[in-house]
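These notes are about the structure you will find just below.
There are 2 protein chains.
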Amino acid sequence: MLSRNKIKLINSLSQKKGRDKLGLFVAEGVKLVTDLLPYFDCAVLIYTDKLLLNEQSTGAYELIEASRAEYKKISHQEHPQGLMGVFIKNDTGWEFESINKTISLALDDVQDPGNLGTIVRIADWFGICDVFCSKNTADIYNPKTIQASMGALARVRVHYVDLHAVLTDNRLTVPVYGTFLDGENIYQTTISNKGIIVMGNEGNGISTGLKKIIDKKLLIPNYPEGIKSSESLNVSAATAIVCAEFRRRQKYIET
Amino acid sequence: MLSRNKIKLINSLSQKKGRDKLGLFVAEGVKLVTDLLPYFDCAVLIYTDKLLLNEQSTGAYELIEASRAEYKKISHQEHPQGLMGVFIKNDTGWEFESINKTISLALDDVQDPGNLGTIVRIADWFGICDVFCSKNTADIYNPKTIQASMGALARVRVHYVDLHAVLTDNRLTVPVYGTFLDGENIYQTTISNKGIIVMGNEGNGISTGLKKIIDKKLLIPNYPEGIKSSESLNVSAATAIVCAEFRRRQKYIET
Chain S
100 MLSRNKIKLI
110 NSLSQKKGRD
120 KLGLFVAEGV
130 KLVTDLLPYF
140 DCAVLIYTDK
150 LLLNEQSTGA
160 YELIEASRAE
170 YKKISHQEHP
180 QGLMGVFIKN
190 DTGWEFESIN
200 KTISLALDDV
210 QDPGNLGTIV
220 RIADWFGICD
230 VFCSKNTADI
240 YNPKTIQASM
250 GALARVRVHY
260 VDLHAVLTDN
270 RLTVPVYGTF
280 LDGENIYQTT
290 ISNKGIIVMG
300 NEGNGISTGL
310 KKIIDKKLLI
320 PNYPEGIKSS
330 ESLNVSAATA
340 IVCAEFRRRQ
350 KYIET
Chain X
100 MLSRNKIKLI
110 NSLSQKKGRD
120 KLGLFVAEGV
130 KLVTDLLPYF
140 DCAVLIYTDK
150 LLLNEQSTGA
160 YELIEASRAE
170 YKKISHQEHP
180 QGLMGVFIKN
190 DTGWEFESIN
200 KTISLALDDV
210 QDPGNLGTIV
220 RIADWFGICD
230 VFCSKNTADI
240 YNPKTIQASM
250 GALARVRVHY
260 VDLHAVLTDN
270 RLTVPVYGTF
280 LDGENIYQTT
290 ISNKGIIVMG
300 NEGNGISTGL
310 KKIIDKKLLI
320 PNYPEGIKSS
330 ESLNVSAATA
340 IVCAEFRRRQ
350 KYIET
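If you read the sequences in order, they're chains S and X. Residues in the first sequence are numbered from 100 upward in steps of one, following the working numbering. Residues in the second sequence are numbered from 100 upward in steps of one, following the working numbering.
Set out below in structure tokens:
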């Protein structure tokens, strides 16, 4: 049985304030919960049917069987499967040494929780292990973000930092890239297989402060060039194209 | 003043049933409404402040000034600007002759309204003028889709069709592509600058019936290949990468 207090506690995790206070976040659905169980400590696992549990479930500190009606009170989904994990947040550290060896992403105030989740999923697909977020970027532990990231958090580490400070630190030895409408055509310029790629806010792009420290501005050319079309791509669509292109050049082009 | 009847009518447009019955849809925000005004007949334009109107607004059949409180009752936005257009749907036709000359998209049961809007915006960026949707794909006139498409509907035509019938019609002379986890690496196979690219449902990919008629299965390779990562990319992220690659090959690679 799910007590009223537990329902209240779990629902407080819908808000960043609640998540920050308790250091917890929720994830729903059999696949997602199963993906996260080996990587995050699970404080509570709530299920409506024992069949939804598996071996890993025994690792949870507390197991609660809830009725369908109780589960509905905590679910964010329209058609819930009936499995929710309350996980303990795990903010891992990072070091310039490893960042300097590979490609990472930096998000400058990406606001939409769904976009953030999709971007983390893209990072995962392209083997990008570290995503730096400005303090005003959406919260990675937002339920919408967790759902959109599809378990990518098991492999991608997300760090909330002062982006300007990190990108101007002299321990950072790799180039900083960013996408701009007045950048160099990404297909016609050299790009490295190491670096940090900055993606900007949905409405305003990369902020003025960060613009100045971008080593190379990149453009995703539209088609046909010059014809009026959408003013820009959605930030997650742009991230997908840029990450794919960095990996294509690294892997399939002889240099 | 916005009458109770008008509020009821406008709110009925949140549902597909209401939109189908009345042949109308809504769009909100100064930029979006301004983008759509030259391309769609505007039945009603609702504004909270005359300053939000412009020259084009005079083309609307009816102009209604609403109080902030009235506007809130019809708005889908958290922080509404206070401008909404009620537009007349415009289902344009299409012909094999023009489809056979270019690249088009086909969506096989894409369910999420936001994904659909993002995909139409991607199509717009890459100069793809026709998007075919299976009958079970989300409704292009869903308010969330309209907002996510960012005015791309002014240039991209969306057609709801029996996808299987269109793709097997012998008047179609261009190849049919689709993305699959067991496809050929898109970077290492030949692709044409004419064709239809099929993108599948968020959970199930391309349906069994359509799989059989795909001429070439394409894979977006992950990195490093073979290492366990997300099982797939979000459908709009995959669409972005595939469309970008078709246009890159068409434009920047000598054949």
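C-beta: ideal position from N, C-alpha, C; glycine also.
{"Asked": "Using a Cβ-Cβ cut-off of less than 8 Å, give me the residues of the region 204–226 of chain S that come near chain X, in sequence order.", "Found": "Gly213, Thr217, Arg220, Ile221, Asp223, Trp224, Phe225, Gly226"}
{"Asked": "Starting from S:Leu266, find everything on chain X with Cβ-Cβ shorter than 7 Å and list it in chain order.", "Found": "Simply none; closest approach about 23 Å."}
{"Asked": "Note the first and the last residue of the continuous beta strand (DSSP E) segment covering X:Lys315.", "Found": "315–318"}
{"Asked": "What does the Cβ neighbour count give for X:Glu194, buried or exposed, with the cut at 16 atoms within 10 Å?", "Found": "exposed"}
{"Asked": "Indicate the three-state DSSP secondary structure (helix, strand or coil) for S:Gly216 in the structure shown.", "Found": "helix"}
{"Asked": "Can you pull the chain X residues whose beta carbon is under 8 Å from the beta carbon of S:Leu332, in chain order?", "Found": "Arg220, Ile221, Trp224, Ala339"}
{"Asked": "Give every residue of the same chain whose Cβ lies closer than 6 Å to the Cβ of S:Lys243, excluding the five residues on either side of it in the sequence, and list them in chain order.", "Found": "Pro212, Gly213"}
{"Asked": "Please state whether DSSP places X:Ala159 in a helix, a strand or coil.", "Found": "coil"}
{"Asked": "Which residue comes first and which comes last in the beta strand (DSSP E) that contains X:Phe186?", "Found": "182–187"}
{"Asked": "Is it buried or exposed, S:Gln246, if we count other Cβ atoms within 10 angstroms and call 16 or more buried?", "Found": "buried"}
{"Asked": "Apart from the five residues on each side of it in sequence, which residues of its chain come closer than 8 Å, Cβ to Cβ, to X:Ala142?", "Found": "Leu123, Ala159, Tyr160, Glu161, Val185, Phe186, Ile187"}
{"Asked": "Could you check how far apart the C-beta atoms of S:Ser331 and S:Thr217 are, in whole angstroms? I think they sit under 8 Å.", "Found": "Incorrect: roughly 16 Å between the Cβ atoms, too far for contact."}
{"Asked": "Can you look up S:Phe279 in the DSSP assignment and give me helix, strand or coil?", "Found": "strand"}
{"Asked": "Could you tell me whether the region 287–307 of chain S touches the region 245–260 of chain S, using the rule of 3 or more Cβ pairs below 8 Å?", "Found": "no"}
{"Asked": "Compute the distance between the beta-carbons of S:Met298 and S:Thr338, then report whether it is under 8 Å.", "Found": "yes"}
{"Asked": "If we ignore side chains and look at the alpha-carbon of each, how far apart do S:Gly226 and S:Arg347 end up?", "Found": "12 Å"}
{"Asked": "Determine the direct distance from the alpha carbon of S:Ser113 to that of X:Leu101, and round the result to whole angstroms.", "Found": "35 Å"}
{"Asked": "Could one say the Cβ of S:Tyr138 lies closer than 8 Å to chain X's Cβ atoms, at least one of them?", "Found": "no"}
{"Asked": "Closer than 9 Å between beta carbons: that is the criterion. Which residues of the region 312–323 of chain X meet it against chain S?", "Found": "Ile319, Pro320, Asn321, Tyr322, Pro323"}
{"Asked": "Do the CB positions of S:Ile296 and S:Val265 come within less than 8 Å of each other?", "Found": "no"}
{"Asked": "Just the Cα atoms here: how many angstroms apart are S:Gly181 and X:His263?", "Found": "35 Å"}
{"Asked": "So what does DSSP say about X:Phe345, is it helix, strand or coil?", "Found": "helix"}
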